[in-house]
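Residues in the sequence shown are numbered consecutively from 2, following this note's numbering. By construction, the Cβ of each residue, glycine as well, lies at the ideal position given by its N, Cα and C atoms. The block underneath contains the structure these notes are about, expressed in structure tokens.
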Amino acid sequence: MELNQHDIAAHNEAHYAKHKKRLDFLCSEIEGERAILQKLIDFQIAIPSWALGTGGTRFGRFPSGGEPRNLEEKIADVGLLHALNASSGAISLHIPWDIPQNPTAIKALAAQHGLKFDAVNSNTFQDQANQKHSYKFGSLQHADKMVRQQAIDHNIEVIRHGEALDSKSITVWLSDGSCFPGQLNFRKAFQRTLGSLQEIYAKMPADWKMFIEYKAFEPNFYSMTVGDWGQSLLYAQKLGNQAFTLVDLGHHLPNANIEQIVALLMMEGKLAGFHFNDSKYGDDDLTVGSINPYQLFLIFNELVDGMDVRGMNHATDLGWMIDASHNVKDPLEDLLQSIEAIMQAYAKSLLVNRKALNQAQNENDVVRCQEILQTAYQTDVRALVAEARLRSGAAIDPLNLFRNSKIRAALIKERGAKTIATGL
Ligand code: PSV
Ligand code: MN
Numbered sequence: 002m003e004l005n006q007h008d009i010a011a012h013n014e015a016h017y018a019k020h021k022k023r024l025d026f027l028c029s030e031i032e033g034e035r036a037i038l039q040k041l042i043d044f045q046i047a048i049p050s051w052a053l054g055t056g057g058t059r060f061g062r063f064p065s066g067g068e069p070r071n072l073e074e075k076i077a078d079v080g081l082l083h084a085l086n087a088s089s090g091a092i093s094l095h096i097p098w099d100i101p102q103n104p105t106a107i108k109a110l111a112a113q114h115g116l117k118f119d120a121v122n123s124n125t126f127q128d129q130a131n132q133k134h135s136y137k138f139g140s141l142q143h144a145d146k147m148v149r150q151q152a153i154d155h156n157i158e159v160i161r162h163g164e165a166l167d168s169k170s171i172t173v174w175l176s177d178g179s180c181f182p183g184q185l186n187f188r189k190a191f192q193r194t195l196g197s198l199q200e201i202y203a204k205m206p207a208d209w210k211m212f213i214e215y216k217a218f219e220p221n222f223y224s225m226t227v228g229d230w231g232q233s234l235l236y237a238q239k240l241g242n243q244a245f246t247l248v249d250l251g252h253h254l255p256n257a258n259i260e261q262i263v264a265l266l267m268m269e270g271k272l273a274g275f276h277f278n279d280s281k282y283g284d285d286d287l288t289v290g291s292i293n294p295y296q297l298f299l300i301f302n303e304l305v306d307g308m309d310v311r312g313m314n315h316a317t318d319l320g321w322m323i324d325a326s327h328n329v330k331d332p333l334e335d336l337l338q339s340i341e342a343i344m345q346a347y348a349k350s351l352l353v354n355r356k357a358l359n360q361a362q363n364e365n366d367v368v369r370c371q372e373i374l375q376t377a378y379q380t381d382v383r384a385l386v387a388e389a390r391l392r393s394g395a396a397i398d399p400l401n402l403f404r405n406s407k408i409r410a411a412l413i414k415e416r417g418a419k420t421i422a423t424g425l
């Protein structure tokens, strides 16, 4: 389902006067709006192929219909999002959920929608039908070399799929760990995992990156072999300069200071990028910014500070992706909300008066430090984010346009009311 350019134009015309009023007010309040606008225009957030369908829990799944049934339709959905907001210019594939049968055709289809391929993801957390050895007791950590080899081969195959699509990174998330004390020798599990990762790393092209994602718990509930940023960083340091630590916001224990983790990973040049989502209790996979938008802003505040100190390109030097699940909302609407929340947090962090903050920090003026951060956070930047979209040919208010269009109804008609997307 393509979005008609006339629909965007008509929407923008109808919303322009109100938008312009808000923008003019905002610009009278802030400085450097031109540079900020360009940064917002350049900033792209990858969409994971598995977030386009209705998610489920182990208790059930309630699809609302019109979900993509194959890779082509997933690409079409991300293309639709990108047409609406001009900020979702990449898709991340999960193998074997999304094996491209004809990579040349898939690449051409993505290009038609202005999309690139972000990191490819391997999957050794499920057994596949045609698989010889089970991952019940882990994959890269497994005591049996045959199981490890199968998982290594799978990761190398994922890299080859990624190469065919011009992807430049592989994200390795392992569910490996143990459920009960005594089940696993931690040291041996670490060493076996490292050995396996080294074999995969050796097969990466020179311009590729390996992202090592950590998670505190689930599906293993006693120990995870890549359980936190310390363990991920250890692997990344031992592997070499093409390996980095990936931060999924939902993968921490409650109240973890994620912004501090991010600052230190950046300092070490070992931050890969993000899987954005939000949570109240654990890996809830909720819409970005729906529970704790201030934390998201604080994370971006550290990111902008750290990237600027290191002279990094905000748009391209880290991996930006959403990793959420949509159980009760329309996945496309949820993704539009997530992207909006990320863009707002980013825009607000660009408003922080860094010189003043630095001075206040040096003077131990704690009150002023807080005022500086909160002045930026409390600025309503929505008009700036909308203007960035407008200048890129997208919609002033993508969610409003999507909701008032007949797109979802057309998708349900085309794909069916109870489609089951591949993936989780
Ligand atoms: C694991 O919870 C995770 O965050 C990893 O990124 C996986 O690839 C993804 O979710 C699968 O849904
Ligand atoms: Mn993730």
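Which word fits residue i, buried or exposed, when buried means at least 16 other C-beta atoms lie within 10 angstroms of its C-beta?
{"i": "residue 136", "result": "buried"}
{"i": "residue 236", "result": "buried"}
{"i": "residue 122", "result": "buried"}
{"i": "residue 324", "result": "buried"}
{"i": "residue 190", "result": "buried"}
{"i": "residue 131", "result": "exposed"}
{"i": "residue 390", "result": "buried"}
{"i": "residue 317", "result": "exposed"}
{"i": "residue 268", "result": "exposed"}
{"i": "residue 388", "result": "buried"}
{"i": "residue 244", "result": "buried"}
{"i": "residue 78", "result": "buried"}
{"i": "residue 86", "result": "buried"}
Per DSSP, residue i forms a beta bridge with which residues?
{"i": "residue 272", "result": "246"}
{"i": "residue 62", "result": "57"}
{"i": "residue 211", "result": "171 and 244"}
{"i": "residue 178", "result": "225"}
{"i": "residue 287", "result": "279"}
From residue i to residue j, what distance separates their C-alpha atoms?
{"i": "residue 198", "j": "residue 141", "result": "7 Å"}
{"i": "residue 431", "j": "residue 70", "result": "Nothing can be reported for residue 431: it is not among the residues displayed for the chain, which extend from 2 to 425."}
{"i": "residue 347", "j": "residue 20", "result": "20 Å"}
{"i": "residue 103", "j": "residue 117", "result": "16 Å"}
{"i": "residue 185", "j": "residue 227", "result": "14 Å"}
{"i": "residue 202", "j": "residue 349", "result": "37 Å"}
{"i": "residue 351", "j": "residue 344", "result": "11 Å"}
{"i": "residue 253", "j": "residue 25", "result": "40 Å"}
{"i": "residue 313", "j": "residue 133", "result": "44 Å"}
{"i": "residue 67", "j": "residue 311", "result": "44 Å"}
{"i": "residue 262", "j": "residue 18", "result": "43 Å"}
{"i": "residue 283", "j": "residue 321", "result": "21 Å"}
{"i": "residue 240", "j": "residue 205", "result": "12 Å"}
{"i": "residue 223", "j": "residue 258", "result": "22 Å"}
{"i": "residue 194", "j": "residue 150", "result": "11 Å"}
{"i": "residue 127", "j": "residue 33", "result": "49 Å"}
{"i": "residue 97", "j": "residue 279", "result": "26 Å"}
{"i": "residue 208", "j": "residue 409", "result": "39 Å"}
{"i": "residue 255", "j": "residue 178", "result": "20 Å"}
{"i": "residue 138", "j": "residue 385", "result": "50 Å"}
{"i": "residue 160", "j": "residue 331", "result": "32 Å"}
{"i": "residue 73", "j": "residue 172", "result": "22 Å"}
{"i": "residue 81", "j": "residue 162", "result": "24 Å"}
{"i": "residue 23", "j": "residue 225", "result": "48 Å"}
Can you look up residue i in the DSSP assignment and give me helix, strand or coil?
{"i": "residue 187", "result": "helix"}
{"i": "residue 70", "result": "coil"}
{"i": "residue 95", "result": "strand"}
{"i": "residue 198", "result": "helix"}
{"i": "residue 205", "result": "coil"}
{"i": "residue 49", "result": "strand"}
{"i": "residue 361", "result": "helix"}
{"i": "residue 138", "result": "coil"}
{"i": "residue 20", "result": "helix"}
{"i": "residue 326", "result": "coil"}
{"i": "residue 444", "result": "Residue numbering for the chain in the displayed model covers 2 to 425; residue 444 lies beyond these limits and cannot be assessed."}
{"i": "residue 40", "result": "helix"}
{"i": "residue 124", "result": "coil"}
{"i": "residue 309", "result": "helix"}
{"i": "residue 115", "result": "coil"}
{"i": "residue 320", "result": "strand"}
{"i": "residue 298", "result": "helix"}
Closer than 8 Å by C-beta to residue i: which residues in its own chain qualify, once you throw out the five before and the five after it? Chain order, please.
{"i": "residue 260", "result": "296, 299, 300, 302 and 303"}
{"i": "residue 76", "result": "92, 107, 110, 111, 114 and 116"}
{"i": "residue 328", "result": "55, 56, 57, 58, 62 and 63"}
{"i": "residue 30", "result": "380"}
{"i": "residue 27", "result": "34, 380, 381, 382, 384 and 385"}
{"i": "residue 362", "result": "370"}
Short of 7 Å in beta carbon distance, which residues of its chain neighbour residue i, apart from the five on each side in sequence? Order them along the chain.
{"i": "residue 367", "result": "none"}
{"i": "residue 157", "result": "201 and 204"}
{"i": "residue 294", "result": "342 and 346"}
Keeping to the same chain, check which residues put their C-beta closer than 6 Å to that of residue i; ignore five residues upstream and five downstream.
{"i": "residue 338", "result": "288"}
{"i": "residue 174", "result": "214"}
{"i": "residue 377", "result": "349, 352 and 353"}
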